[in-house]
Structures are given as structure tokens and as C-alpha cells.
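A.B. asks:
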Amino acid sequence: MGVNAGAAASTPQPPKRSATGAKVVTITSGKGGVGKTTTTANIGVALARINQRVVLIDADIGLRNLDIVMGLENRIVYDLVDVIEGRCKLRQAMIKHKQLPELYLIPAAQTRDKSAVSPADMIKIADQLRPEVDFIIIDCPAGIERGFRNAVAPADEVLIVTNPEISAVRDADRIIGLLEAENKGPAHLVLNRVKPEMIRKGEMLSPEDVTDILAIKLIGIVPEDETVVSASNSGTPLAFLDNSRAGTAYRNIARRLMGEQVPFMQLDDNTGFRKRIARLFGSGQNS
Amino acid sequence: MSDINIAIKGVKDGLLITLDEEAEWGAVTADLASRLDEKSAFFAGASVTLDLGERPVAKDQMSGVKALLERRGMLLHAVTSASMTSLDAASALDLRAHNLAAVEPEPEQPAFGSELPYNSEEDGMIGVLIRRTLRSGKTVTSRGHVVILGDVNPGSEIVAVGDVIVWGKLRGRVHAGCEGDEQAVVCALDMQPTQLRIAGYIAISPSDKRRKPKPETALIRDRQIVVDEWTG
Numbered sequence: 001m002g003v004n005a006g007a008a009a010s011t012p013q014p015p016k017r018s019a020t021g022a023k024v025v026t027i028t029s030g031k032g033g034v035g036k037t038t039t040t041a042n043i044g045v046a047l048a049r050i051n052q053r054v055v056l057i058d059a060d061i062g063l064r065n066l067d068i069v070m071g072l073e074n075r076i077v078y079d080l081v082d083v084i085e086g087r088c089k090l091r092q093a094m095i096k097h098k099q100l101p102e103l104y105l106i107p108a109a110q111t112r113d114k115s116a117v118s119p120a121d122m123i124k125i126a127d128q129l130r131p132e133v134d135f136i137i138i139d140c141p142a143g144i145e146r147g148f149r150n151a152v153a154p155a156d157e158v159l160i161v162t163n164p165e166i167s168a169v170r171d172a173d174r175i176i177g178l179l180e181a182e183n184k185g186p187a188h189l190v191l192n193r194v195k196p197e198m199i200r201k202g203e204m205l206s207p208e209d210v211t212d213i214l215a216i217k218l219i220g221i222v223p224e225d226e227t228v229v230s231a232s233n234s235g236t237p238l239a240f241l242d243n244s245r246a247g248t249a250y251r252n253i254a255r256r257l258m259g260e261q262v263p264f265m266q267l268d269d270n271t272g273f274r275k276r277i278a279r280l281f282g283s284g285q286n287s
Numbered sequence: 001m002s003d004i005n006i007a008i009k010g011v012k013d014g015l016l017i018t019l020d021e022e023a024e025w026g027a028v029t030a031d032l033a034s035r036l037d038e039k040s041a042f043f044a045g046a047s048v049t050l051d052l053g054e055r056p057v058a059k060d061q062m063s064g065v066k067a068l069l070e071r072r073g074m075l076l077h078a079v080t081s082a083s084m085t086s087l088d089a090a091s092a093l094d095l096r097a098h099n100l101a102a103v104e105p106e107p108e109q110p111a112f113g114s115e116l117p118y119n120s121e122e123d124g125m126i127g128v129l130i131r132r133t134l135r136s137g138k139t140v141t142s143r144g145h146v147v148i149l150g151d152v153n154p155g156s157e158i159v160a161v162g163d164v165i166v167w168g169k170l171r172g173r174v175h176a177g178c179e180g181d182e183q184a185v186v187c188a189l190d191m192q193p194t195q196l197r198i199a200g201y202i203a204i205s206p207s208d209k210r211r212k213p214k215p216e217t218a219l220i221r222d223r224q225i226v227v228d229e230w231t232g
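Protein chains in written order, with the numbering used here: chain H, 1 to 287; chain A, 1 to 232.
Encoded structure:
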């Protein structure tokens, strides 16, 4: 099934490395549970697979998850707060990924809270990393308080993850307003957990409905994919799987972050997703 | 009594009463009472904004004036003052408190050049122009009119003493004529507010998904909010 647009991502490409230092990308959303951590992990893997040097930073102090999704939980020795409070060198807190040698994770502290980190600390850490890598991707906690301010402080670019539902879009709108107030724009939108079949029936907001309200540019549309759950549990982000539509969507986002023009995947084609649904409900009138 | 300065002026949303800043408080209130009694029928039912200037007025003095007005069928709803004591007293009595010191020094003068001719319709009501989209969580309040060049997204709110004009999509909450002006209107290029209020009336948008966006005006007619096509 649909590997059309993503095929290029899996073929080796000449390394395009930044000469001027890393781009800092913060992944945020306002609302919890829309897929920030999954998006961070997958974009990180996708970028590393096209030969980018990537550091992921989990800024969700006290509720760390990114290490689990990346399958690196058992390798944690030092964390972000250890670096900030001087208990270790930055390098020591960077956990190298198992398969991708140029993908690193700086995990969050689990026993502390957001107040252990300040926006200035985040800027300092990002500036220290900039000369060493191509991308620094920060996983922002839910909410609009200290954790959010920490995560966006060093950002060169902000990706806002939302789901096609009104409450998530409302929170995304609030976040965009806050970013505008701090001159952190323009942010880009990742529309996650899209179900083409529900959009077709008018039961779910379409990408057009969402961008109509938020008025920012889409950088990715990720279809709902139940293998996300098993991928998270097993610590193997979907962006590793070449035959996953969600994985392909994340790889496309990574390529767009590199400045490539990648067309959006056809969501409601008859080859994969929709055909299966149609079969489930007794096809015919559906196609 | 003649050396006590009291000005009673009709403004768009009621009466503006400016009280002497210097004279003894008891004399001022006595003079106010007699001035009002001269035309009690004329003033009855008016909504009053009290301008106290620099004078610090304590809460019990303030509630005294409020009662004085209420006995004559008038409602004190706002206080303008440069004194924090007066403003705190007003807030404590649930009155709208406008800080004179924070606003322009001469609120009765139009902000633009005084050589410009203006008529009474343009006088008195200020406005605010916002050239961007109001996003969720943003609130705009104004003593005058509000004009938005952009959208008003769901989760945002506009509260204005005067009219609200949205050159864009109106999807948030909006309250025009929030101090009781039933002549206030709300205009938008696409009228779909979460909730719309004019003076004391409340309306919500019908959930018609197939509607075509068109410029519309909401106003009060026959004691309810109606929405007309915007004809200017």
C-alpha cells in the first residue's frame, strides 16, 4: 500500500549538512494527547534516516515519555536537569540511538518539575548544541505555562500538532496567538490522526476546515494509524517502517523541514486505507 | 452654591455628571441633589457615569451618591477618576471604574486635531482598530467601538460599550453596547459568533452548515436580536 510519496525518503541521499549550525524545531500543541511525542520521535528518526545529525530534547520535565517511544528508557543515566544543574556534561546526557548513530536523545528528569528549567537554560543548551548537529527537536509539554515557555524559547521554527477536532484546534489557536505575541512565527501545522473516511462523511474536520480557522501553513497530514500504539510501546517509531502510511507522512514532514517540496499524500485513494474500510462496511456505495 | 461646579451632560449611553473636585463633599452632593430635582422627570431612568476628577471618594461616600441617584430613578454604572481611592471604591461597589490618569488627559476632546470640525454624532465615542486576527484566549474590551481587520476566532472575546465591526469572520463571543446601549450593532463579513450580545440581549448562531458567508449586521429590533444583510 501507499508508499508512493515516501519512496524517495528511503533511498540514500547525499548528506546535506548545515554549515551554519542546527535548526531548532519545537513541537507543541497546547492540548495533551494529540501526538506531540510521537511526532517528535518520528520526525527525529526520519531526519536521521536522511543523514541528518539530530538531537531530540524532552522538555516535559516530570512526565517524560520520549525515551519510551524511542526505546531508550533503560539507557538513561543523566537527564536535562542534571545538565542544567551542572551534575554532568551535556555530552554525557545525550543518549545515542540503537540503530541510528547520529540520532541522540536528551531525556527529561522524571523526579523534578517544570520549574527546574528556565527559558534561558534552554537557549543555553540549544546554543551549545547548534555547532554540533543539524537539527535540535524539542518535545514540548502540554499546556501554556512554564514548560511551554521553556520549550519555545530557543526555537527557530515551531510545529504545532493538532487533531481534526474542535477542542484540539481551539488550543492550537491559543498557542499560535501566544507564539505571535512572542514573535516566534510563523508556525507550521501538523494535522495528526486524520481519518479520511470520517471526513468524507462530514463527521470530522477536514484539513481545509482546520487551516480555515488557524490560518497557518500545513507541513504535514498524518493519517490515523493504529500501529502507532504498538510502535510506541515497542520503542520503534513508525518512520522506520517503509510501508506505513503514517510513517511516510512523518518522513515527508522531515523532508519538508529540509526545504524540499513534497506533495501531500492522497488521503482518500482507493488503493489502501479507504478500500479496506469500504470492504469492512460492505463496499459499493462507498467508492 | 453657585461656586460649586457640577456639569450634567447627555452622552450616547446616558448621562455624564462631572462633580466639583475642590468643594466640600457634603455641599457637592447637596447641590447635585437639588440640580437633579429640578429636572427629575427628565433624568429618570438614565444610566449615569460619574466623573470625580482628582477627588478621592471613599466607598461610603460613593454608595451615598449611588443611593442619591437611585432615589431619583437613575442608575450609577460607571465612575471616572484619577484617584485610586475613588477607583477602588467604585470597584468595591461593582461599578465600572475608568482610570482617568491612564486614559487621555482630556477625555471630552476628540483625539484628532481640534481644528477639525466634528458634529455631536462623532463626539464622545472613541474606537479601537485592531489589524490582526483575534485568536482563542484573547479578549478585547473598549469603552468605545471596536473594529477588527481580521478574523475573530472561537475562544476569543470582544466587549465594547459601542459597536463592533469585524472585517473578517466572526466566530468568537461578542458583546456590543455592554453598558446598555440598545442602539449598538455588530457587523461582520461572516457572522457566526459563538454567542452574540447587544446590551442585555443574548443570541447564539443557528447551526446551519450550508450557509453562504455574507456581510451581516446584528441589531436589536422589537426587543430581540435580529441579523440583517449588511446594506451599509
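No residue lacks a Cβ here, since even glycine has one placed at the ideal position from N, Cα and C.
At least one CB of chain H closer than 8 Å to the CB of Pro-154 (chain A): is that the case?
C.D. replies: Along the second sequence, read from residue 1 onward, the residue named residue 154 (chain A) stands at position 154. Output row for Pro-154 (chain A): interface = yes.
A.B. asks: Looking at the structure shown, is Asp-190 (chain A) part of a helix, part of a strand, or coil, going by DSSP?
C.D. replies: For this step, residue 190 (chain A) is matched to residue 190 along the second sequence. Residue state for Asp-190 (chain A) is assigned as strand, using DSSP reduced to three classes.
A.B. asks: If you pair each beta-carbon of the segment 76-84 of chain H with each one of the segment 27-38 of chain H, do three or more pairs fall below 8 Å?
C.D. replies: no
A.B. asks: Quick one, are the C-beta atoms of Ala-151 (chain H) and Ile-160 (chain H) less than 8 Å apart?
C.D. replies: Looking up residue 151 (chain H) in the first sequence gives position 151. Looking up residue 160 (chain H) in the first sequence gives position 160. Not in contact: Ala-151 (chain H) and Ile-160 (chain H) (Cβ atoms no closer than 8 Å).
A.B. asks: When we look at the beta-carbon of Lys-66 (chain A) and count the other beta-carbons within 10 Å, is it buried (16 or more) or exposed?
C.D. replies: Looking up residue 66 (chain A) in the second sequence gives position 66. That one is buried.
A.B. asks: In the DSSP assignment, the alpha helix (DSSP H) including Ser-146 (chain H) goes from what residue to what residue?
C.D. replies: If you number the first sequence from 1, residue 146 (chain H) lands on position 146. Sequence check: residue 146 (chain H) is Arg here, not Ser. Going by DSSP, Arg-146 (chain H) is part of the alpha helix (DSSP H) stretching over 146-152.
A.B. asks: Can you tell me whether Phe-264 (chain H) is helix, strand or coil according to DSSP?
C.D. replies: One-based indexing of the first sequence puts residue 264 (chain H) at position 264. Of the three classes helix, strand and coil, the one that applies to Phe-264 (chain H) here is coil, per DSSP.
A.B. asks: If you run the structure through DSSP and keep just helix, strand and coil, what is Lys-59 (chain A)?
C.D. replies: For the purposes of this step, residue 59 (chain A) is taken as the residue at position 59 of the second sequence. DSSP places Lys-59 (chain A) in helix when its eight states are reduced to three.
A.B. asks: Does the segment 35-49 of chain H come close enough to the segment 188-201 of chain H to have 3 or more Cβ pairs within less than 8 Å?
C.D. replies: yes
A.B. asks: Alpha carbon to alpha carbon, how far is Ser-83 (chain A) from Glu-208 (chain H)? Give it in angstroms, no decimals.
C.D. replies: The count along the first sequence starts at 1 and reaches residue 208 (chain H) at position 208. The count along the second sequence starts at 1 and reaches residue 83 (chain A) at position 83. In a straight line, the C-alpha of Glu-208 (chain H) is about 52 Å away from that of Ser-83 (chain A).
A.B. asks: How long is the line joining the alpha carbons of Glu-108 (chain A) and His-145 (chain A), rounded to whole angstroms?
C.D. replies: By one-based count along the second sequence, residue 108 (chain A) stands at place 108. By one-based count along the second sequence, residue 145 (chain A) stands at place 145. Confidence at Glu-108 (chain A) is low in this model, with a pLDDT of 46, below 50, so its placement is unreliable and no value can be given for it.
A.B. asks: Could you name the residues that DSSP lists as bridge partners for Pro-215 (chain A)?
C.D. replies: By one-based count along the second sequence, residue 215 (chain A) stands at place 215. Note: Pro-215 (chain A) sits in no beta bridge, so no partner.
A.B. asks: Counting beta carbon pairs with one atom in the segment 234-249 of chain H and one in the segment 209-217 of chain H, are three or more of them shorter than 8 Å?
C.D. replies: no
A.B. asks: Take the Cβ of Asn-243 (chain H) as the centre, count every other Cβ of all protein chains shown within 10 Å, and call the residue buried at 16 or more, exposed below.
C.D. replies: Within the first sequence, the letter at position 243 stands for residue 243 (chain H). By the 10 Å Cβ count, Asn-243 (chain H) comes out exposed.
A.B. asks: For Ile-125 (chain H), which three-state DSSP category applies?
C.D. replies: Translated into positions along the first sequence, residue 125 (chain H) becomes position 125. In the structure shown, Ile-125 (chain H) sits in a helix (DSSP, three-state: H, G or I).
A.B. asks: Taking the CB atoms as reference points, tell me whether Pro-119 (chain H) and Asp-67 (chain H) lie closer together than 8 Å.
C.D. replies: Taking the first residue of the first sequence as 1, we reach residue 119 (chain H) at position 119. Taking the first residue of the first sequence as 1, we reach residue 67 (chain H) at position 67. Not in contact: Pro-119 (chain H) and Asp-67 (chain H) (Cβ atoms no closer than 8 Å).
A.B. asks: Provide the residue span of the beta strand (DSSP E) that contains Gln-195 (chain A), from first to last.
C.D. replies: For the purposes of this step, residue 195 (chain A) is identified with residue 195 of the second sequence, where counting begins at 1. Taken as a continuous stretch (DSSP letters only), the beta strand (DSSP E) holding Gln-195 (chain A) covers 195-198.
A.B. asks: Going by C-alpha distance, which of A:Ser-91, A:Ser-136, A:Val-161, A:Gly-127 is nearest Val-169 (chain H)?
C.D. replies: Along the first sequence, read from residue 1 onward, the residue named residue 169 (chain H) stands at position 169. Nearest of A:Ser-91, A:Ser-136, A:Val-161, A:Gly-127 to Val-169 (chain H), Cα basis: A:Ser-136.
A.B. asks: Start and end of the alpha helix (DSSP H) containing Phe-42 (chain A)?
C.D. replies: Here residue 42 (chain A) refers to the residue found at position 42 of the second sequence. Looking at the DSSP string, the run of the alpha helix (DSSP H) that includes Phe-42 (chain A) is 40-43.
A.B. asks: Going by the beta-carbon positions, is the gap between Arg-144 (chain H) and Ile-175 (chain H) smaller than 8 Å?
C.D. replies: For the purposes of this step, residue 144 (chain H) is identified with residue 144 of the first sequence, where counting begins at 1. For the purposes of this step, residue 175 (chain H) is identified with residue 175 of the first sequence, where counting begins at 1. It is Ile, not Arg, that sits at residue 144 (chain H) in the sequence shown. Closer than 8 Å, so yes.
A.B. asks: What residues of chain H sit near Thr-133 (chain A), judged by a beta carbon separation below 7 Å?
C.D. replies: Taking the first residue of the second sequence as 1, we reach residue 133 (chain A) at position 133. For Thr-133 (chain A), the chain H residues whose Cβ falls inside 7 Å of its Cβ are Ala-215, in order along the chain.
A.B. asks: Count the other C-beta atoms from every protein chain shown that fall within 10 angstroms of the C-beta of Thr-231 (chain A), then say buried if there are 16 or more, exposed otherwise.
C.D. replies: Position 231 of the second sequence holds residue 231 (chain A). Classification for Thr-231 (chain A): exposed.
A.B. asks: Are Ala-166 (chain A) and Ala-176 (chain A) closer than 8 Å when you measure CB to CB?
C.D. replies: As a first step, residue 166 (chain A) must be located in the second sequence, where it is residue number 166. As a first step, residue 176 (chain A) must be located in the second sequence, where it is residue number 176. It should be pointed out that residue 166 (chain A) corresponds to Val in this sequence rather than to Ala. 8 Å or more divides the Cβ of Val-166 (chain A) from the Cβ of Ala-176 (chain A).
A.B. asks: What does a CB cutoff of less than 8 Å around Leu-178 (chain H) pick up in its chain, not counting 5 residues either side in sequence?
C.D. replies: Walking along the first sequence from the start, residue 178 (chain H) turns up at place 178. Answer for Leu-178 (chain H): Ile-144, Phe-148, listed in chain order.
A.B. asks: Closest Cβ-Cβ distance between Ser-207 (chain A) and chain H: below 8 Å?
C.D. replies: Translated into the one-based positions of the second sequence, residue 207 (chain A) becomes position 207. Chain H, which has no Cβ nearer than 8 Å to the Cβ of Ser-207 (chain A), makes this no.
A.B. asks: Residues in its own chain within less than 8 Å of Ala-48 (chain H) by CB, not counting five upstream and five downstream?
C.D. replies: Residue numbering aside, residue 48 (chain H) sits at position 48 when the first sequence is read from its first letter. Cβ within range, chain order: Val-54, His-97, Leu-100, Glu-102, Leu-103.
A.B. asks: Measuring CA to CA, which of H:Tyr-250, H:Ile-221, H:Gly-220 is closest to Ile-50 (chain H)?
C.D. replies: As a first step, residue 50 (chain H) is located in the first sequence; it is residue number 50 there, counting from the start. Ile-50 (chain H) has its Cα closest to that of H:Tyr-250, out of H:Tyr-250, H:Ile-221, H:Gly-220.
A.B. asks: Buried or exposed for Glu-106 (chain A), going by 16 or more other Cβ atoms inside 10 Å?
C.D. replies: As a first step, residue 106 (chain A) must be located in the second sequence, where it is residue number 106. For Glu-106 (chain A), the predicted model reports a pLDDT of 42, less than 50, meaning its position is unreliable; a value from the coordinates is still stated below. Its Cβ having fewer than 16 others within 10 Å, Glu-106 (chain A) is exposed.
A.B. asks: To the nearest whole angstrom, what separates the beta carbons of Ala-116 (chain H) and Ile-61 (chain H), a pair I think is in contact under 8 Å?
C.D. replies: Residue mapping note: residue 116 (chain H) aligns to position 116 of the first sequence, counting from 1. Residue mapping note: residue 61 (chain H) aligns to position 61 of the first sequence, counting from 1. Sure, about 6 Å apart at Cβ, within 8 Å.
A.B. asks: Here's the rule I'm using: 16 or more other beta-carbon atoms within 10 Å means buried, otherwise exposed. How should Asp-153 (chain A) be labelled?
C.D. replies: The count along the second sequence starts at 1 and reaches residue 153 (chain A) at position 153. The amino acid occupying residue 153 (chain A) in the given sequence is Asn; Asp does not appear at that position. A buried status is given to Asn-153 (chain A), since no fewer than 16 other beta-carbon atoms sit within 10 Å of its beta-carbon.
A.B. asks: As an exercise, report each continuous alpha helix (DSSP H) stretch of at least 4 residues that is fully enclosed by the segment 173-204 of chain H, in chain order.
C.D. replies: 196-200
A.B. asks: Per DSSP, what kind of secondary structure is Ile-76 (chain H) in: helix, strand or coil?
C.D. replies: As a first step, residue 76 (chain H) must be located in the first sequence, where it is residue number 76. Ile-76 (chain H): coil per DSSP, three-state reduction.
A.B. asks: Quick test of your reading: Ser-81 (chain A) and Gly-53 (chain A), contact by CB under 8 Å. State the CB separation rounded to the nearest angstrom.
C.D. replies: Numbered from its first residue, the second sequence carries residue 81 (chain A) at position 81. Numbered from its first residue, the second sequence carries residue 53 (chain A) at position 53. About 7 Å; that satisfies the 8 Å criterion.
A.B. asks: Who are Phe-135 (chain H)'s beta bridge partners in DSSP?
C.D. replies: Along the first sequence, one-based indexing puts residue 135 (chain H) at 135. In the DSSP output, where bridge partners are listed per residue, Phe-135 (chain H) has H:Lys-23, H:Val-54.
A.B. asks: Would you verify that the beta carbon of Asp-209 (chain H) is, or is not, closer than 8 Å to some beta carbon of chain A?
C.D. replies: As a working note, residue 209 (chain H) is residue 209 in the first sequence. Output row for Asp-209 (chain H): interface = no.
A.B. asks: I'd like to confirm the pairing. Which residues does DSSP put opposite Leu-103 (chain H) in its beta bridges?
C.D. replies: Here residue 103 (chain H) corresponds to residue number 103 of the first sequence, with the count starting at 1. Beta-bridge pairing links Leu-103 (chain H) to H:Val-54.
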